[in-house]
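>
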Amino acid sequence: MITVTFLDEESTVEEAPVEIVLERLNEDGTTDELQLEGSLDDVRALAATLEAEGNCVEVVIAGPEGEEGAVETPESGEEVVEHAQSPVPLTP
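The working numbering puts the first residue of the sequence shown at 4, with every later residue one more than the last.
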């Protein structure tokens, strides 16, 4: 699961810096967590890479007011947008 939190409410959605938390479930049931900062382009690239590796990817976008919306990565490059505040397609 990739959780995205906007760090700067003043920027536009595409330009806003985001905190990216990647939580990966291992085969033995344990989880690994990695925290990064980047942009929505970085989130899209990370999700696409993980999906290409055969992983199931779920992206959760936490809005500035703590609202969350889940967006799953699409199959075969289709675009999925599902967020009440800021539509964020996973693929350009």
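Just so you know, even glycine gets a beta-carbon here, dropped at the ideal spot from N, CA and C. Keep in mind the model is a prediction, meaning the values are calculated, not measured.
1) Does the Cβ of E36 have 16 or more other Cβ atoms within 10 Å, making it buried, or fewer, making it exposed?
2) Give the C-beta separation of L43 and L25 to the nearest angstrom, bearing in mind that I take them to be a contact with Cβ-Cβ under 8 angstroms.
3) Since L39 is in the beta strand (DSSP E), which residue starts that stretch and which ends it?
4) Starting from L28, trace the beta strand (DSSP E) both ways and give me its first and last residue.
5) Compare the beta carbon distance of T8 and E22 with 8 angstroms and say whether it is the shorter of the two.
6) Beta strand (DSSP E) containing E13: first to last residue?
7) Would you decide whether T52 is buried or exposed? Buried here means 16 or more other CB atoms lie within 10 Å of its CB.
8) So, using beta-carbon positions, are V60 and T6 closer together than 8 angstroms?
In terms of the structure at hand:
1) exposed
2) L43 to L25, Cβ: 15 angstroms. No contact.
3) T34 to G41
4) Per DSSP, L28 belongs to the beta strand (DSSP E) from V21 to L28.
5) yes
6) Membership of E13 in any beta strand (DSSP E) is not indicated, and neither H nor E is assigned to it by DSSP.
7) exposed
8) Result no, Cβ atoms of V60 and T6 do not sit closer than 8 angstroms.
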